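Residue numbering for the sequence shown is 1 to 329, as defined by the UniProt record's numbering. Backbone N, C-alpha and C fix where the C-beta goes; we use that ideal spot for every residue, glycine too. What you are looking at is a predicted structure, and each value in this text was computed from that prediction instead of being measured.
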Amino acid sequence: MSRSRTERLVNLVICLLSTRRFLTAAQIAATVPGYEHDPDDAREHEAFQRKFERDKAELRELGVPLETGTASAFDAEPGYRIARREYALPDIPLKPDEAAAVGIAARLWQHAGLAAAASSGLAKLRAAGVDVDPQATLGLEPMVTVDPAFAPLTAAARDRREVRFDYRVPDQDAPTRRRLQPWGVVCWRGRWYVVGHDLDRDAARCFRLSRVVGQVRATGPTGAYQPPVGVDLISHVARWSGSPEHAGRATVLVTPGRAAGLRRWAVSVTTGPAADRLILPYSDPEQLAGHLVGYGPEVRVLEPPEVRDAVIQRLKEIAARHDSMAVTR
């Protein structure tokens with residue numbers, strides 16, 4: 001299944017889960033990204049109908065309980081929705097490593113751009129007067145994208161295109177230019193790394209994404225190289241990063257009922273009327289800050305100062321990038 005079709009099916013599920021009403025095909029076409037067409041153009045409308053019929057069949061084959069019906073006896077055109085009770089899963093207990101895998105998948109979903117398209121579709125539903133229940137969707141907590149290098153590097157690794165970027169290391173004042181043939185992007189101990197062949201050093205290297213400065217630019221044609229057969233990206237990162245530093249403890253306040261991932265990670269949780277106090281182990285304040293800012297206003301750092309300062313710096317960088325993007329638009 002192509003990525004565009006996968007995105008369309010995910011957004012269709014989100015759309016149909018977010019309302020209790022039956023939505024007509026016309027409402028779905030005006031709401032879900034991927035169904036855009038001119039309804040007055042017979043050829044375009046016929047193509048939409050074929051696409052929609054294939055997608056409905058695909059969802060039903062996947063076990064999605066797609067219902068057909070009308071909101072009232074006066075509706076001439078049937079609509080569609082997903083039966084929530086049949087679609088909902090029972091509580092699934094996860095081990096710590098399984099919960100970590102789900103968290104990584106959620107971040108990948110966010111980076112893949114599906115969340116933006118889904119949010120746009122829900123906004124269109126609200127504008128059309130459809131009652132939307134935001135709690136009825138996938139239940140993922142909103143995450144702030146803190147590594148803008150993620151998307152271009154994963155795309156370059158997929159397309160086998162060389163890239164160049166500026167990279168900052170702690171013991172140098174100014175970033176240096178790097179040219180890389182990326183083999184893949186992996187997560188190791190809560191940090192994202194790109195592994196590949198460094199063209200200037202003619203050797204395998206890995207780079208932490210949070211230290212990439214500015215834009216990542218793809219150069220050259222698609223399919224310009226092939227990674228080594230059977231390469232183990234995690235092993236490359238593990239050898240490069242070395243042993244973790246001595247673990248510290250950070251105290252944070254969390255909104256009741258939020259930040260489930262942090263609660264599983266915490267070594268101590270004290271509940272309170274306005275906020276819960278969590279004690280989190282960490283080895284790198286920058287790494288912890290990058291994780292905490294993803295929870296937005298739901299989390300506030302009390303101590304130590306190095307973690308609080310790292311969070312403030314991350315937020316300033318995010319605000320600066322947002323401002324620069326707004327200016328370029």
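Query, Result
"By the 10 Å Cβ neighbour count, where 16 or more other Cβ atoms means buried, how is V237 classified, buried or exposed?", "buried"
"What residue range is occupied by the uninterrupted beta strand (DSSP E) comprising A204?", "A203 to R208"
"Inspect the beta-carbon positions of L262 and V186 and report whether they are closer than 7 Å.", "no"
"Going straight from the alpha carbon of R314 to that of V299, what length do you get?", "14 Å"
"Decide if the segment 202 to 218 is in contact with the segment 156 to 175; the criterion is three or more beta carbon pairs, one per stretch, under 8 Å apart.", "yes"
"Using only alpha-carbon positions, find the residue among R208, W183, A319 and Y282 that is nearest to E303.", "Y282"
"Only counting runs of 4 or more residues, tell me where the alpha helix (DSSP H) segments fall wholly within the segment 2 to 72, in order along the chain.", "3 to 17, 25 to 31 and 42 to 61"
"Is the CB-CB distance between W188 and P227 below 7 Å?", "no"
"Decide if A25 is buried, meaning its Cβ has at least 16 other Cβ atoms within 10 Å, or exposed.", "buried"
"Whole angstroms are fine: how far does the CA of P33 sit from the CA of L253?", "38 Å"
"Just the C-alpha distance for H37 and W240, rounded to the nearest angstrom, thanks.", "50 Å"
"What is the DSSP secondary structure of P142, reduced to helix, strand or coil?", "Note that P142 scores a pLDDT of 44, beneath 50, so its modelled location is shaky; the value from the coordinates is reported in the next line. Here P142 sits in coil by DSSP."
"For G248, which residues does DSSP report across the bridge?", "Y282"
"Which of the three DSSP states, helix, strand or coil, is assigned to D159?", "helix"
"Would the beta-carbon of R161 fall within 7 Å of that of A203?", "no"
"Give the single residue among G63, F74, T70 and Y193 whose Cα lies nearest to the Cα of R84.", "G63"
"State yes or no: is the C-beta of Y35 within less than 7 Å of the C-beta of F48?", "yes"
"H197 to E286, Cα distance in whole Å?", "26 Å"
"Y225 by DSSP, collapsed to three states: which one?", "coil"
"With a cut-off of 8 Å on the beta carbons, I'd call V267 and I279 a contact; round off their distance for me.", "5 Å"
"Could you give the residue range of the beta strand (DSSP E) that holds G196?", "R191 to D198"
"Just reading off the beta strand (DSSP E) that R263 is part of, what are its end residues?", "From DSSP, R263 is part of no beta strand (DSSP E) but of the alpha helix (DSSP H) over A260 to W265."
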